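Following: one structure in structure tokens, then a few remarks.
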Amino acid sequence: MRLKDKVAVITGGASGIGRETALLFANEGASVVVADVSDEAGKDVAAEIGKTVGHGCFVHADVSKAADCESMISMAETAFGKLDILFNNAGIMDGADDDAVTTAEAIWDRTMAINLKGVFFGCKYGVPALRRNGGGVIINTASFVAVVGAATPQLAYTASKGGVLAMTRELATVHARENIRVNALCPGPLRTELLMNYLDTEEKRERRLVHVPMGRFGEAKEMAQAALYLASEESSYVTGTSFLVDGGLTSAYVTPE
Ligand code: NAD
Numbered sequence: 073m074r075l076k077d078k079v080a081v082i083t084g085g086a087s088g089i090g091r092e093t094a095l096l097f098a099n100e101g102a103s104v105v106v107a108d109v110s111d112e113a114g115k116d117v118a119a120e121i122g123k124t125v126g127h128g129c130f131v132h133a134d135v136s137k138a139a140d141c142e143s144m145i146s147m148a149e150t151a152f153g154k155l156d157i158l159f160n161n162a163g164i165m166d167g168a169d170d171d172a173v174t175t176a177e178a179i180w181d182r183t184m185a186i187n188l189k190g191v192f193f194g195c196k197y198g199v200p201a202l203r204r205n206g207g208g209v210i211i212n213t214a215s216f217v218a219v220v221g222a223a224t225p226q227l228a229y230t231a232s233k234g235g236v237l238a239m240t241r242e243l244a245t246v247h248a249r250e251n252i253r254v255n256a257l258c259p260g261p262l263r264t265e266l267l268m269n270y271l272d273t274e275e276k277r278e279r280r281l282v283h284v285p286m287g288r289f290g291e292a293k294e295m296a297q298a299a300l301y302l303a304s305e306e307s308s309y310v311t312g313t314s315f316l317v318d319g320g321l322t323s324a325y326v327t328p329e
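With positions in the sequence shown counted from 1, the corresponding number in this note's numbering is that position plus 72.
As structure tokens, this is what we get:
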């Protein structure tokens, strides 16, 4: 088992990447605090964890609220005694997020509050807990849109993920000598609820796939495997990286027919 006796907090743990990662980490021996605003789905994930070798619990946490982030970290320490792994993964993609002219200020603010400030709050309370533990790992979910521009605009989302990458590099640098590794996971387009709700017609989905050399959407399970690598000792010399798991999207100029 690659995460035996480790304790993880996973935000956005009720669905998609977070859910698959919670189950995979637990199968690898970790105790997992599933943090989300979606209570029913989050409790279901915690219950499913109960069927694995690991332990799980759910905590309602809106990552845009400082007090919620403080209590999700406390939950790890009170329920499981420590924090080893913080996966700042919760994020939204608002259907009304568009170009600079069209995007409403409220959409910009909400996207930043969850996708960017949420990572800051996770670290604000998570870093002291990792210090108390003598070190650990932070993984922040960014996106391929943080490194390439998309012609289908979602300006607030893109800006928020660029911020996550910049923050990840600085966190990695500042905390490197405290035995805290910080990396960004940059998924390509995935077949999760988040993107399928956004690309809500077959035509839109096909248009996105034109840019993926592998010609298919990624799976949340494939991101969970990447997160497992970043969380485990196997990546012991990896910090500050933007780990692209994108089917080749950001390497391609022209994709195969
Ligand atoms: P998802 O919608 O399946 O899961 C996101 C989870 O975050 C949900 O359970 C949701 O309830 C939770 N959440 C939303 N707002 C929250 C808040 N304020 N506080 C706590 N939890 C909140 O989506 P996913 O595809 O698994 O996305 C996970 C991460 O991956 C996000 O940061 C997303 O931006 C990123 N990402 C996704 C894709 C993709 O194609 N799906 C691509 C690149 C990056």
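C-beta: ideal position from N, C-alpha, C; glycine also. Treat the numbers as computed from the prediction; the structure is a model and nothing was measured.
- Not one heavy atom of the ligand NAD falls within 6 Å of the beta-carbon of Glu-291.
- Using a cutoff of 6 Å, the CB of Ser-143 does not count as near the ligand NAD, since none of the ligand's heavy atoms is closer than that.
- Around the beta carbon of Tyr-309, fewer than 16 other beta carbons sit within 10 angstroms, so the residue counts as exposed.
- At a cut-off of 6 Å, the beta-carbon of Leu-227 does not count as near the ligand NAD: no heavy atom of the ligand is closer than that.
- Per DSSP, Ser-103 is not a residue of any alpha helix (DSSP H); the beta strand (DSSP E) it occupies stretches across 103 to 108.
- Lys-189 is a Cβ neighbour of Ser-136, given a cutoff of 7 Å.
- The alpha-carbon separation between Gln-297 and Val-106 amounts to approximately 17 Å.
- Per DSSP, Val-81 is one residue of the beta strand (DSSP E) stretching across 79 to 83.
- Per DSSP, Ser-314 is one residue of the beta strand (DSSP E) stretching across 314 to 317.
- When DSSP assignments are scanned along the region 148 to 229, the uninterrupted stretches of alpha helix (DSSP H) that are 4 or more residues long and fall wholly within it turn out to be 177 to 183 and 189 to 204.
- Counting only unbroken stretches of 4 or more residues, the alpha helix (DSSP H) elements lying wholly within the region 275 to 305 are 292 to 303, in sequence order.
- In summary, Ser-323 is exposed, with fewer than 16 beta-carbon neighbours lying within 10 Å of its beta-carbon over all protein chains present.
- In the three-state scheme derived from DSSP, where H, G and I count as helix and E and B as strand, Asn-269 is classed as helix.
- The beta carbon of Thr-183 sits closer than 7 Å to the beta carbons of Ile-164, Asp-166, Asp-169, Ala-228, Tyr-229 and Ser-232 from its chain, once the five residues preceding and following it are set aside; these are given in chain order.
- For Asn-99, the three-state secondary structure derived from DSSP is helix.
- With a 10 Å radius around the Cβ and a threshold of 16 neighbouring Cβ atoms, Glu-275 comes out exposed.
- When distances are taken from the beta-carbon of Asn-205 to the heavy atoms of the ligand NAD, even the shortest one reaches 6 Å or more.
- Residues Leu-96 of the same chain have their beta carbon placed closer than 6 Å to that of Leu-300, with the five preceding and five following residues left out of the count.
- Closer than 6 Å to some heavy atom of the ligand NAD: that does not describe the Cβ of Asn-212.
- Rounded to whole angstroms, the separation of the alpha carbons of Leu-237 and Val-209 is 16 Å.
- The closest heavy atom of the ligand NAD lies less than 6 Å from the beta carbon of Gly-163.
- Listed as beta-bridge partners of Pro-259 by DSSP are Val-317.
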